[in-house]
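Notes follow once the structure below has been shown.
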Amino acid sequence: MPDNTLDNLLEDRKGQVLETAPDGAPAAIRCETRSAAGSVSQRACVFCGSRVVLYPIADALHLVHGPAGCAAYTWDIRGALSSGPALHRHSFTTDLRETDVIYGGAVKLERALRALIAEHGPRAAFVYSTCIVGLIGDDVSAVCKRVQADCGIPVIAVDSEGFKGTKKDGYKAACEALVKLIGTSADPALPTAPARSVAGINILGEFNLAGEAWMIRDYYERIGVPVVATLTGDGRVDTVRRAHTARFNVVQCSGSMLGLAAKLEENYGQPYRRVSYFGLEDMAQALYDVADLFVDSDPDMPRRAAALVSEEMARVLPALAEYRRDLEGARAAIYVGGAFKAHSLIKALRHLGMRTVVVGSQTGSAEDYERLRQLCDPGTIIVDDSNPVELSRFVLKKNADLLIGGVKERPIAYKLGLAFCDHNHERKIPLAGFDGMVNFAREVHGSVTSPVWKLSLRSRA
Amino acid sequence: MREMELFPAEKRAQPQGVSNDDQCFGWSSETPAAGAAEDEVLAPILELHPGEDSPEYAVNPCKVCAPLGASLVFKGVAGAVPLLHGSQGCATYIRRYLISHFREPVDIASSSFDEMAAVFGGRESLTRALDNVRAQYEPELIGVATTCLSETIGDDVADILRRYDTDGTCVTVQVNTPSYTGTHLDGYYATVCSLVAHLAEGGPATETVNLFPALVSPEDLRWLRRVTGLFGLDPCLLPDYSDTLDGGQWTEYRRLPPGGTSLAQIRASGRAAASLELGWSQARRETAGSYLNREFGIPCHCLGLPIGLEATDAFLAVLARVSGRSIPEQLEAERARLLDAYVDAHKVLAGLRAVVFGDEDLAIALALFLAEIGVAPVLVASGGTGALADSAVAAYPALEKHDVTFLPDTDFACLGEAAKQARPTLLVGHSKGSKLARELDVPLVRVGFPVHDRFGAARLSCLGYEGSHRLFLEVVNSLLADRQAKSDIGHFYF
């Protein structure tokens, strides 16, 4: 039967979708490119990328230099928890108006910075440039430098003008801001790079959504790995500044922080390891890999890691088996921000007896997609930077029962009578780690087995 | 001529200095009321940042930007796709914000500006976006709204659209919505105006009316259609996202969700018997109503949102006059039930104080409603830039006896401070006030836009006797729930 699902794409979108071949023949996907104009991409902008990465630093002032909209849309937008201060949950903006656009916003920015620092006493300030700032040419760096000199805290300009690239460029801008902060500790007792005093790790790319960083940190500490800094979940300026003193960087969420890890290796000789905390396999692998890093100084660590994994597995496997009974054979579609997470999700879904039939991401790299291709069953649709029209067509064609995504994907699933699992930054339930896997299974189970689908139009059609 | 209907209808009192004729067109926000009484009228409005053109900064904004309002209006036109001429993020953030409120797909295209476009102009990006939207959506109308980016580099969007050939398959309408000017509500009204200015046609007069409401819920839009139907009118209700953003299940993705004001209806708006604008701030703007009045001589009545008994009376009185029919019995019965509910619960509300916030036209209407049921609206706040003050002047006679403080162009930091001083028993506004409600330990009655932390935002009605009845019960019952939860006794009866 002729099938034009993959041909029926916008001309500008061709090459960004593929269906894995039955014989596993290699195929490449076009990615890391600007979104096609008019395509209704699910991506946001450079500013968004920067904002989400730095957002969880809880004792910093995050000042959005631009019209109020950019700040309003990102007010308390992530479920990134803090164990202490919560300055990050406010939305600060210079609220630029027409006159500021005409005469320049630098004076306003400086006044706002000084007033807000005086009022809130942050440990550092990040100033995010929005589109308009890139056009009117405010010298944000000069303002930051002046205020930093007077206020005695780091004041860092984040080059996050929305139009200057994609969301991924925003991650890069955020990482550049972090690089400026790391190694600047005001504490004279701390060594400067490359000497290190702590045999611990930094957790990179973990944002403490629903408290996930706390769970991960607890695992590491239980096997004897001290954590110096988490970037940026439950983040504090002072611990970020000390991050150069750790021995290794352990990186999750490749899209946002791999660049930072490479930079830190270059600057401070810290080797890094990529991990994922989603699903039992990847979580266990993360612990094994990190334990291996320390085997020279602590030969018993791998054994402790194995013991922790067995203990946790014994605890969660019975619960997962229960869920699997109902979910066996169901088909899943995944559309998330970063492709690295998609790998873990495919494996986690297999644990539940579920097959992935559509998988895509906003910001995956060629390498990410190649790994996905190798991981997926034949006939799986892989897509980069998709849109609602495509996604809905793909999930229907592949007869998916479940869509995993974020807020913008949710109504697509629900309108078409598909179950949905929110795996984005708004989630309220931890999905990482061993307990997170049980939560994930419960979330998926709760939606897939709901009686409402029996009533929905599509199942009656 | 355009007539400003004041509240209440029978005891219509003119706010000082406001005339009942075309003069109100020239009444800008800088000179809110011509005449000697101006200072007294505006006295209760706080000067937040004296000596400055605009606040130095905002902490937790109480508004979003104009392109959101534009997108929402375009979503309320049949077969339309909104297209934002700017960065990809503008469309995506706005989609996310609207989806979280309506819990429906909200497809908004973007011209996805990059650095080249910012330097050399966005003509190519916009043209390509139009091509792709047409190819993927086959729309009847593409609504192009500008953003800070395209406005500041000075793209001539009107010219780009003029030169763009749609082969007659679809219409393009453009609106200027730089995000640094005004709020989402300003973008909303500007877009309604722009649609009418682009599409309205003259010709033999019809007996129908144009209905241009402030930003209200889908449920309220449905009520507006229903109630005008009861008077035998088939209005051009613009926008009408009651179906497009509050629809049923689908078997396949509806790229253009069913519903919305048809292009034919908007074209016919130039031949209507009258225009009704619901939302007082519209009297201070160039609006669809003022455009039609000027171009086609269509009389325009500007009223407040019909929330509460007397405001609904006023609205229905205009409908009765325009249609030449009397108030239908069904509505009389609804009115009787509402009044009966007021009486039943009046003691629960006696002496209470409320803080009201949200879009200026909604905030004012809610304040009047609260005053009507015996709750003092001690603080009325909006992120809107100035129109709250204008509306306050119009509304003032009815609020005179309450010691109301008006707080325009505010953020939640200032609003929070003022609210603490106001010592309210409850908050009435959108869901971004939830943190403040927690802090003050008072209930928040959610109404307006956005409501991101509850289900059913689309069904939050407050217009007409029925909507007011729902809102009234919500106010009363949330107070009782609060009292019951905090009581050691846990009463069975209230």
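Protein chains in written order, with my numbering: chain P, 2 to 462; chain H, 163 to 656. For glycine and all other residues, C-beta sits at the position ideal for the given N, C-alpha and C.
- Residue nearest to P:Ile335 within the set P:Ala59, P:Ile405, P:Val449, P:Arg316 is P:Ile405 (criterion: CA-CA distance).
- Cβ-Cβ distances below 6 Å link P:Thr75 to Arg52 in the same chain, with the five nearest sequence neighbours on each side left out; the list follows chain order.
- P:Ser457 sits buried, since 16 or more C-beta atoms from the chains shown fall within 10 Å of its C-beta.
- For P:Gly201, the CB contacts under 7 Å within the same chain, skipping 5 residues up- and downstream, are Val226, Pro227, Val228, Val229, Ala247, Arg248 in chain order.
- DSSP places P:Gln271 outside any alpha helix (DSSP H), giving it a letter other than H or E.
- Within its own chain, the residues whose Cβ lies closer than 7 Å to the Cβ of P:Leu7, once the five positions on either side in sequence are excluded, are Val18, Glu20, listed in chain order.
- The alpha-carbon separation between P:Pro319 and P:Arg124 amounts to approximately 46 Å.
- When DSSP reads this structure, P:Leu205 sits in a beta bridge with P:Leu232, P:Val252.
- For a cut-off of 8 Å, the C-beta gap from H:Tyr326 to H:Thr289 is around 6 Å, short enough to register as a contact.
- Given a length threshold of 3 residues, each whole run of the beta strand (DSSP E) inside the segment 480-519 of chain H is given here in chain order: 515-519.
- Taking a beta-carbon distance threshold of 8 Å, P:Glu177 does not count as an interface residue toward chain H.
- Under the 10 Å beta carbon count, P:Gly270 is surrounded by fewer than 16 other beta carbons and is classified as exposed.
- Using a CB distance below 7 Å, the part of the segment 389-414 of chain H facing chain P consists of Gln411, Trp412, Thr413, Glu414, ordered along the chain.
- P:Glu213 carries a helical assignment under DSSP once its states are collapsed to helix, strand and coil.
- Per DSSP, P:Tyr129 is one residue of the beta strand (DSSP E) stretching across 125-130.
- Legend: CB atoms of the segment 274-292 of chain P lying less than 7 Å from CB atoms of chain H are not found in any residue.
- Scanning chain H for C-beta atoms nearer than 7 Å to the C-beta of P:Gly70 yields Val226, Cys227, Ser341, reported in chain order.
- The C-beta of H:Cys332 comes no closer than 8 Å to any C-beta of chain P.
- Look at the segment 273-296 of chain H: the residues with a C-beta under 8 Å from a C-beta of chain P are Ser273, Ser274, Phe275, Asp276, Glu277, Ala279, Ala280, Ser287, Leu288, Arg290, Ala291, Leu292, Asp293, Asn294, Val295.
- Counting only Cβ-Cβ distances below 8 Å, H:Leu311 has contacts in chain P at Cys132, Ile133, Leu136, Gly163, Phe164, in chain order.
- Here the C-alpha atom of P:Asp327 lies approximately 10 Å from the C-alpha atom of P:Leu321.
- The three-state reading of DSSP puts P:Ile413 in helix, counting H, G and I together.
- Secondary structure in the segment 217-272 of chain H: the beta strand (DSSP E) runs of 3 residues or longer, each lying completely within the stretch, are 242-247 in chain order.
- Within chain P, Pro412 have C-beta atoms less than 7 Å from the C-beta of H:Glu266, given in sequence order.
- For a cut-off of 8 Å, the C-beta gap from H:Leu438 to H:Val333 is around 25 Å, too long to register as a contact.
- By the beta-carbon neighbour count (other beta carbons within 10 angstroms, threshold 16), H:Asp603 is exposed.
- Straight across, the Cα-Cα distance linking P:Gln363 with P:Phe341 is about 11 Å.
- Not a single CB atom of chain P sits nearer than 8 Å to the CB of H:Thr423.
- The C-beta distance from P:Val41 to H:Asp269 rounds to 5 Å, short enough to fall under 8 Å.
- Residues of chain P whose Cβ lies closer than 9 Å to the Cβ of H:Ile322 do not exist, since the nearest Cβ in that chain is about 13 Å away.
- By the criterion of a C-beta distance shorter than 8 Å, P:Pro412 is surrounded by no residue of its chain, once the five residues flanking it on both sides are discounted.
- Secondary structure note for P:Arg31: it is in no beta strand (DSSP E), with a DSSP letter that is neither H nor E.
- Boundaries around P:Tyr324 are those of the alpha helix (DSSP H), 302-328, since no beta strand (DSSP E) includes it.
- Within its own chain, the residues whose Cβ lies closer than 6 Å to the Cβ of P:Lys181, once the five positions on either side in sequence are excluded, are Ile157, listed in chain order.
- Counting the other Cβ atoms within 10 Å of the Cβ of H:Gly652 gives fewer than 16, which makes it exposed.
- Put simply, the CB of P:Tyr74 is near chain H, with a gap under 8 Å to one of its CB atoms.
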